[in-house]
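**Q** When you read off a place in the sequence shown, starting at 1, and then add 16, the result is the number in the working numbering.
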Amino acid sequence: MVGLRTAKSKSVSQQEMVHAKKNGMLAEIGRHKVLYLMILPTIVYFLIFNYLPMAGVYLAFTDFNFKDGLLHSPFCGFDNFKTLFTSGVLTRLLRNTILYNLAFIVIGNIVEMLLAVVLSRFASQIFKKVVQTLSFMPYFVSYVIVASFSYILFNSGTGSFTLFVQSLGVKDFSTYGTPGIWPVIIVLVYLWKSVGYGMVVYLASVTSIDESLYEAAKIDGATIHQQMKYITIPMLVPTLITLLLFALGSIARGQFELFYQLCGSQGQLYEITDIFDTYVFRMLQGTFDVGRGTAIGLFQSLFGLVVVCVVNRLVNRYNSDYALF
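#1: Touching or not, the segment 135-155 and the segment 262-271, by the rule of three or more beta carbon pairs under 8 Å?
#2: Would you list, in sequence order, the uninterrupted alpha helix (DSSP H) runs of no fewer than 4 residues that lie entirely inside the segment 129-197?
#3: Is there contact between the segment 273-292 and the segment 109-128, where contact requires at least three CB pairs shorter than 8 Å?
#4: Taking the CB atoms as reference points, tell me whether Pro90 and Thr78 lie closer together than 8 Å.
#5: Find the nearest neighbour of Arg137 within the set Ser336, Tyr74, Gln242, judged by alpha-carbon distance.
#6: What residues are listed by DSSP as bridge partners for Thr78?
#7: In terms of alpha-carbon separation, which member of Gly313, Thr107, Glu44 lies closest to Leu75?
#8: With a CB to CB cut of under 8 Å and the five nearest residues on each side skipped, what residues in its chain are close to Val327?
#9: So the candidates are Val216, Thr248, Phe65; which of them puts its Cα closest to the Cα of Glu231?
#10: Return the CA-CA distance between Phe341 and Ser190, expressed in angstroms with no decimal places.
#11: Am I right that Tyr192 and Phe120 are in contact with their C-beta atoms under 8 Å? What's the rounded C-beta distance?
#12: Ends of the alpha helix (DSSP H) at Ile312?
#13: For Met129, collect the residues of the same chain with a Cβ closer than 7 Å to its Cβ; drop the 5 residues on either side in sequence, then sort them by chain order.
#14: Taking buried to mean at least 16 other C-beta atoms within 10 Å of its own C-beta, is Thr15 buried or exposed?
#15: Any idea what DSSP makes of Leu258, helix, strand or coil?
#16: Could you compute how far the alpha carbon of Val306 sits from the alpha carbon of Gln141?
#17: Whole-angstrom Cβ separation of Phe156 and Leu169, contact assumed at under 8 Å?
#18: Grouping DSSP H, G and I as helix and E and B as strand, with all else coil, what is Ile59?
#19: Please return the same chain residues whose Cβ sits closer than 8 Å to the Cβ of Met299, not counting the five positions on each side in sequence.
#20: Just tell me which of Leu56, Ala268, Phe94 has its CA closest to the CA of Val73.
#21: Just verifying my parser: in three-state terms, what is the DSSP assignment at Gly124?
#22: Let's test the definition: count the other Cβ atoms within 10 Å of the Cβ of Ile267 and tell me whether it reaches 16, buried, or not, exposed.
#23: With Lys241 as the anchor, note down where its alpha helix (DSSP H) starts and where it stops.
#24: Can you have a look at Gly212 and say buried or exposed, based on whether 16 or more other CB atoms are within 10 angstroms of its CB?
#25: Could you spell out where the alpha helix (DSSP H) holding Ala232 opens and where it closes?
#26: Measuring straight from C-alpha to C-alpha, what distance separates Asn96 and Ala311?
Structure, rendered in structure tokens:
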């Protein structure tokens with residue numbers, strides 16, 4: 017029976033393909049006009065906000081000025097890219113952006129998955145809901161509020177953290193004057209803000225695992241730790257890989273609000289906290305160099321595309337079921 021149904025479905029799909037080839041695309045749209053109307057808003061959205069702005073990529077190859085506009089500004093070829101590569105700025109920005117994003121992706125996903133796994137094994141539904149609510153609430157806190165908390169903690173005069181360190185004997189300690197501790201601060205603030213949201217995604221995957229697997233493991237004498245190790249975590253691997261692939265696509269793009277609100281215009285922190293987004297923002301505030309800013313944006317997009325393609329290829333070799341394409 018299964019074989020007959022499979023053969024019948026294949027023959028129906030082949031007939032639809034032959035019909036579409038004979039009558040053309042318009043006839044196919046006419047047959048399924050309701051379905052196409054349902055996806056029309058999505059198509060329009062991507063056309064307006066994703067595809068039409070791609071014409072602005074041309075700015076990366078021009079010495080743009082508002083007098084001549086987009087079409088008549090002097091064409092400069094790859095000069096904007098050469099300036100970025102030769103000045104050494106690109107190396108610093110690329111290093112900071114990638115290292116911070118790798119920390120966010122790796123540490124964030126591990127913490128989110130572990131919290132989801134541990135929380136899923138608690139029997140008390142009230143405890144689960146309380147923990148989920150408390151961990152999810154920081155996600156809705158504005159980074160402007162986070163910046164206010166940061167100033168209260170770290171300012172040189174009356175900052176709580178600064179005074180605490182000084183009370184330990186480090187008299188000349190200044191949080192904003194010590195760039196080395198800021199990677200830790202930035203990663204911790206990011207985790208505080210985002211772990212609750214990511215944990216919900218993993219919890220949804222955990223709840224979809226067949227309970228009969230756990231019952232069989234209990235009958236065989238498996239402990240809770242063994243159930244997590246051999247059932248829960250392996251079943252979460254597809255979700256983990258999918259989230260990693262999506263995150264790697266934006267590995268060259270930073271959390272602008274996080275870095276700008278925490279570090280602001282503290283010039284002594286630029287060497288270790290400056291990323292592509294904050295650099296472009298400051299550059300457009302000063303010289304308003306649209307050409308170089310667009311060049312950085314194009315480089316970020318191409319770099320992210322290459323990373324996704326390479327990682328997806330590696331995942332494809334490991335297990336094609338986990339790959340995006």
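Backbone N, C-alpha and C fix where the C-beta goes; we use that ideal spot for every residue, glycine too.
Computed from a predicted structure; not experimentally measured.
**A** Checking against the coordinates, here is how it stands:
#1: no
#2: Runs found: 141-152, 159-170, 176-183.
#3: yes
#4: Going by C-beta atoms, Pro90 is nearer than 8 Å to Thr78.
#5: Ranking the options by Cα distance to Arg137, first place goes to Gln242.
#6: In DSSP, Thr78 forms a bridge with Phe91.
#7: Gly313
#8: Leu260, Leu261, Leu264
#9: Thr248
#10: 49 Å
#11: That pair is no contact at about 22 Å.
#12: 306-334
#13: Tyr218, Leu252, Leu256
#14: No answer is possible for residue 15: it lies beyond the span of the chain, which begins at 17 and ends at 341.
#15: Looking at the sequence provided, one finds Thr at residue 258 rather than Leu. It is helical.
#16: 53 Å
#17: Their Cβ separation, rounded to whole angstroms, is 20 Å, which puts Phe156 and Leu169 out of contact at 8 Å.
#18: Ile59: helix per DSSP, three-state reduction.
#19: These residues qualify, in order along the chain: Asp305, Arg308, Gly309.
#20: Phe94
#21: helix
#22: buried
#23: The identity of residue 241 in the sequence shown is His, whereas the question assumes Lys. Run containing His241: 240-243, per the alpha helix (DSSP H) assignment.
#24: buried
#25: 227-235
#26: The alpha-carbon atoms of Asn96 and Ala311 are separated by roughly 6 Å.
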